[in-house]
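Peer 1: Numbering (mature numbering (1 follows the signal peptide of the UniProt record, and there is no 0)), first residue to last: -23 to -1, 1 to 196.
Using N, Cα and C, we set each Cβ at its ideal position, and we do this for glycine too.
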């Protein structure tokens, strides 16, 4: 799985948005409609990249998928002709898809929030993008924001991701601030979003302000 894709997954996990299209720029994409009740519900979830959108009235949408187990295959998205999410799909867009392991060629957009987040969490941990401690802070900590007061690159990198050490002044939701440091992976194209003066999403435990987790979306 590419590190650019892992960066996008980190954002999906952090904000737990399971039923929207996750584009590379994370621009506001329209929410998808829920699957019609008579449609068979696949049991597995994967991360897909749109390869082709052909046609206008009833477009053929081809997606390359990587499953949690690392298997790669290509399938077609099942959809209704008037599904409003279609306007957001174009080659290169990253989507979370559901599929039946016995019939992997037929895909639907994932709409199970718990399963999607669990899939994203396992993938991020397996690839080392997030640690267990960072994931716990994101899932169970207080969501706030912080101002970057310092940023240093460590020299470690993974293709499209760069490791940085951040000094952050975190705002407490109830008032006040506290300083913190965090080492994290950031998409190379988003390094300007962690430059001094930038405002970023932060997560921490009120009982222990010595550790934080940050969330930086791809550029």
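1. If we call anything under 9 Å between Cβ atoms a contact, is residue 65 one with residue 75?
2. Taking the alpha-carbon positions, what's the residue 112 to residue 180 distance?
3. Determine whether the beta carbon atoms of residue 276 and residue 40 lie at a separation below 9 Å.
4. Using the Cα positions of residue 186 and residue 154, report the straight-line distance between them to the nearest angstrom.
5. Pick out whichever of 149, 44, 27 and 158 has its Cα sitting closest to the Cα of residue 67.
6. Could you have a look at residue 113 and say whether DSSP puts it in helix, strand or coil?
7. Kindly give me the distance between the Cβ atoms of residue 190 and residue 159, rounded to whole angstroms, as I take these residues to be in contact under 8 Å.
8. Taking the Cβ atom as the reference point for each residue, do residue 25 and residue 37 lie within a distance shorter than 9 Å?
9. If I measure Cβ to Cβ from residue 51 and keep anything under 6 Å in the same chain, skipping five residues before and after, which residues do I get?
10. Quick check on DSSP: helix, strand or coil for residue 169?
11. To the nearest angstrom, report how far apart residue 157 and residue 149 are at their CA atoms.
12. Select from 118, 132 and 141 the residue whose C-alpha is nearest the C-alpha of residue 125.
Peer 2: With the structure as the only source:
1. Against a cut-off of 9 Å, the Cβ pair of residue 75 and residue 65 comes out as no contact.
2. Between residue 112 and residue 180, the C-alpha separation is close to 10 Å.
3. Absent from the structure is residue 276, since the part of the chain shown begins at -23 and ends at 196.
4. Straight through space, the alpha carbons of residue 154 and residue 186 are spaced by roughly 10 Å.
5. Residue 67 has its Cα closest to that of 27, out of 149, 44, 27 and 158.
6. Residue 113 sits in a helix when the DSSP states are folded into three classes.
7. Correct: roughly 7 Å between the Cβ atoms.
8. Between residue 25 and residue 37, the C-beta spacing is not below 9 Å.
9. Excluding positions up to five away in sequence, the list reads 41.
10. Correct three-state label for residue 169: helix.
11. C-alpha separation (whole angstroms): 12 Å.
12. Nearest of 118, 132 and 141 to residue 125, Cα basis: 141.
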